[in-house]
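What follows is one structure encoded as structure tokens, with my remarks underneath.
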Amino acid sequence: MNRLLVFAFLFFIGSLTGWILELFFRRFFSKNNPDKKWINPGFLVGPWLPIYGFGLWGMYFVSRKIAVHIELNQAADIAVVFVLMAVTMTVIEYLAGLIFIKGLKVKLWDYSGENLNIQGIICPKFTFFWGLLGCFYYLVINPYVIGWVEWLSYHLTFSFFIGTAFGIFIIDFSYSMQIVASMKRFAEEKEIIIKYEEFKDHIRMQREKLEERKRFIMAFKSEAPFRDLLESYLEDMIEDNADRINQVRENIIHKIS
């Protein structure tokens with residue numbers, strides 16, 4: 353079967369499943385959401401997270417390569433699967449994060465508060481979680497994915513729906529990238545990196561101040577001009593940094609005294 357069709361199929365399954373996982377994680381487990389609100393994850397409008405789409409594609413092809421060598425009858429085999437999946441997903445996460453930071457001046461997620469993080473993009477904690485997710489995929493989900501791919505090979509008319517979904521995704525991606533482009537111009541002008549989720553939270557608070565209706569889908573839509581929202585975000589960021597510096601200074605003085 354056409355590899356591009358398989359890639360598109362896995363991409364949308366992974367993107368949708370990842371979006372659902374992130375939706376519930378942010379609602380019930382994220383420490384950055386103390387109010388336990390429903391938050392649309394990611395930088396797209398629709399229900400998909402591309403990094404999980406690429407992740408599923410990576411895990412699927414890694415599974416195909418190691419299936420002929422691993423029988424899962426020893427603990428060492430499980431360890432190999434864990435390491436390979438953790439490395440695969442961490443590399444994908446790092447490349448995606450680096451592309452947005454270096455190319456678009458936007459930080460989609462921030463692990464700066466985690467131990468042993470690298471540029472706030474990856475850290476051992478989430479590499480461990482990626483390994484667990486990869487093992488779960490290989491042991492439980494991969495047989496079903498193989499079955500879905502085989503089913504698709506006998507029902508190529510389903511590719512019409514994949515094409516339709518891909519068209520909607522392209523429209524969503526184009527719209528979202530226009531927003532990111534505006535953020536990039538502002539970030540380059542001010543010589544900063546914009547933290548995407550932090551900026552979304554800032555807009556949410558601004559809408560509450562203006563008593564605008566809550567939005568789950570159009571997270572960046574507001575009555576205030578987009579440039580004004582960026583300017584107010586920058587002001588808050590400067591104030592937060594100043595507060596952190598003062599706190600560090602006070603801690604140092606306290607320890608010295």
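So the number in this note's numbering is just where the residue sits in the sequence shown, counting from 1, plus 352.
C-beta atoms are modelled at their ideal positions from N, C-alpha and C, and glycine is treated no differently.
If only complete runs of 4 or more residues are kept, the region 392-439 shows the alpha helix (DSSP H) at 402-418, in order along the chain. Listed in chain order, the alpha helix (DSSP H) elements of length 4 or more contained wholly in the region 451-495 are 476-488. Note that the C-beta distance between I546 and F572 is not below 8 Å.
For a cut-off of 8 Å, the C-beta gap from G486 to A438 is around 6 Å, short enough to register as a contact. Under the three-state reduction of DSSP output, K573 falls in the coil class, being neither helix nor strand.
In the three-state reduction of the DSSP assignment, I546 falls in the strand class. Residue state for K561 is assigned as helix, using DSSP reduced to three classes.
The alpha-carbon separation between A539 and Y548 amounts to approximately 12 Å. Burial is judged here by how many other beta carbons sit within 10 angstroms of a residue's own beta carbon; P577 has fewer than 16 and is exposed.
Per DSSP, T509 is not a residue of any alpha helix (DSSP H), being assigned neither H nor E. Take the alpha-carbon of R416 and the one of Y496: they are about 13 Å apart. Cβ-Cβ distances below 6 Å link Y463 to N469, G472 and C475 in the same chain, with the five nearest sequence neighbours on each side left out; the list follows chain order.
In this structure, the straight-line span from the alpha carbon of L450 to that of S505 is close to 35 Å. S367 counts as buried, since no fewer than 16 other beta carbons sit within 10 angstroms of its beta carbon.
In the structure shown, the three-state DSSP call for K383 is coil. Per DSSP, reduced to three states, the secondary structure at W390 is coil, with no helix or strand assignment. Closest by C-alpha distance to I493, out of S526, L408, R537 and D429, is L408.
Its Cα nearest to that of F481, the residue L436 stands out among K459, L436, F551 and N392.
Contact check between the region 517-534 and the region 387-401: three or more CB pairs, one atom from each, fall below 8 Å, which counts as touching. One Cα belongs to I444, the other to G410, and the distance between them is close to 8 Å. Under the three-state reduction of DSSP output, N354 falls in the coil class, being neither helix nor strand.
A direct Cα-to-Cα measurement between W390 and R378 gives close to 7 Å. At a Cβ-Cβ threshold of 8 Å, G455 and Y404 do not count as neighbours. Considering only L356, F364 and N354, the residue with the shortest C-alpha distance to F521 is F364. For the 8 Å CB-CB criterion, I498 and A360 do not form a contact.
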